[in-house]
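Numbering (our numbering), first residue to last: -18 to 166.
Below is one structure; the comments refer to it alone.
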């Protein structure tokens, strides 16, 4: 049975998202994506125009999926109250301990692309703004509104430390710092 256009698109996006996250944009060739997705080269060009179009679409997919997961996980860990701000770090701790953790796909992608006007860099900036808004909402609900930027920066630092240093406990360290800041606020 022949795959539908939607199935081919989904396979390309899933393969590109996984491979780019693991190996980087520049470290992932079109042939590798095509082999992983088991689709013909023309399918990529028909669906996305070129590798850049596929990379952008795969990262847009990652943005939606990761933000939905993070928001749901933080809410599940602490549905309301001051503990919800600390759950921001508890969810990160779970993510950092996954065997396929390779840092933030958007920090990684932005680091590979020097041009701030590149569509992927723009998407990375939008992802970080959405994350900062979510953190701000959680911190406001917890009555710690003055700490929104500080906790966002702790989150970003924990992500980088977990990836670069290979230390999944970076989220727990950031959790402790956040708790101290919240006690002082």
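Heads up, the beta-carbon is just placed ideally off N, CA and C, and yes, glycines get one too.
The model shown is predicted, which means the values in this text are computed figures rather than measured ones.
Quiz item: Where are the beta strand (DSSP E) runs, 3 residues long or more, that stay fully inside the segment -13 to 48, in chain order?
Solution: Counting whole runs of 3 or more residues, the segment -13 to 48 contains no beta strand (DSSP E) stretch at all.
Exercise. For residue 99, name the three-state secondary structure that DSSP assigns.
Key: Against the chain shown, residue 99 aligns to sequence position 118. Look at residue 99 here: in three-state DSSP terms it is coil, with no helix or strand label.
Quiz item: Using the C-alpha atoms, what's the distance from residue 111 back to residue 103?
Solution: Taking the chain shown and counting its residues from 1, the one referred to as residue 103 is at position 122. Taking the chain shown and counting its residues from 1, the one referred to as residue 111 is at position 130. Spanning the alpha carbons of residue 103 and residue 111 requires a straight line of approximately 12 angstroms.
Quiz item: Does DSSP classify residue 146 as helix, strand or coil?
Solution: Position 165 of the chain shown, counted from the start, is the residue given in the question as residue 146. Here residue 146 sits in coil by DSSP.
Quiz item: Does the Cβ of residue 43 have 16 or more other Cβ atoms within 10 Å, making it buried, or fewer, making it exposed?
Solution: The residue you call residue 43 lines up with position 62 of the chain shown. That one is buried.
Practice problem: Pull up the distance between the alpha-carbon of residue -9 and that of residue 46, whole angstroms please. | Solution: The residue labelled residue -9 in the question sits at position 10 within the chain shown. The residue labelled residue 46 in the question sits at position 65 within the chain shown. Residue -9 and residue 46 have their alpha carbons spaced roughly 14 angstroms apart.
Quiz item: Are the Cβ atoms of residue 14 and residue -6 separated by less than 7 angstroms?
Solution: As a working note, residue 14 is residue 33 in the chain shown. As a working note, residue -6 is residue 13 in the chain shown. Cβ atoms of residue 14 and residue -6: not closer than 7 angstroms.
Self-check item: Cutoff 8 angstroms; reference residue 160; Cβ partners in own chain excluding five residues on either side
Solution: The residue labelled residue 160 in the question sits at position 179 within the chain shown. 67, listed in sequence order.
Quiz item: Under three-state DSSP, which class holds residue 157?
Solution: Here the question's residue 157 lines up with position 176 in the chain shown. Note: residue 157 maps to helix in three-state DSSP.
Self-check item: Collapsed DSSP secondary structure at residue -15 in the structure displayed
Solution: Your numbering for residue -15 matches position 4 in the chain shown. In the three-state scheme derived from DSSP, where H, G and I count as helix and E and B as strand, residue -15 is classed as coil.
Exercise. Within the same chain, show all residues whose beta-carbon is closer than 6 angstroms to that of residue 77, passing over the 5 residues directly before and after it, in chain order.
Key: Taking the chain shown and counting its residues from 1, the one referred to as residue 77 is at position 96. The residues are 143, 149, 152.
Quiz item: For residue 81, which of helix, strand or coil comes out of DSSP?
Solution: Indexing the chain shown from 1 puts residue 81 at position 100. Secondary structure at residue 81: coil, using DSSP grouped into helix, strand and coil.
Quiz item: Nearest CA to the CA of residue 36: which residue from 2, 56, 140?
Solution: Counted from its first residue, the chain shown places residue 36 at position 55. Out of 2, 56, 140, the CA that lies nearest to the CA of residue 36 is found in 2.
Quiz item: Distance, Cα to Cα, residue 120 vs residue 130?
Solution: Counting from 1 along the chain shown, the entry for residue 120 is found at position 139. Counting from 1 along the chain shown, the entry for residue 130 is found at position 149. Taking the straight line joining both Cα atoms gives about 9 angstroms.
Exercise. Using 10 angstroms around the beta-carbon of residue 170, count the other beta-carbons present and answer buried if the total reaches 16, otherwise exposed.
Key: There is no way to answer for residue 170, as the model of the chain reaches only from -18 to 166.
Practice problem: Using beta-carbon positions only, say whether residue 154 and residue 125 come within less than 7 angstroms of one another. | Solution: Position 173 of the chain shown holds residue 154. Position 144 of the chain shown holds residue 125. Their beta carbons are not under 7 angstroms apart, which means residue 154 does not touch residue 125 by this criterion.
Quiz item: With distances taken between CB atoms, is the gap from residue -4 to residue 18 smaller than 7 angstroms?
Solution: Position 15 of the chain shown holds residue -4. Position 37 of the chain shown holds residue 18. For the pair residue -4 and residue 18, the CB atoms are nearer than the 7 angstroms cut-off.
Practice problem: Pick helix, strand or coil for residue 128, following the three-state DSSP scheme. | Solution: As a first step, residue 128 is located in the chain shown; it is residue number 147 there, counting from the start. The answer is helix: DSSP assigns residue 128 an H, G or I state.
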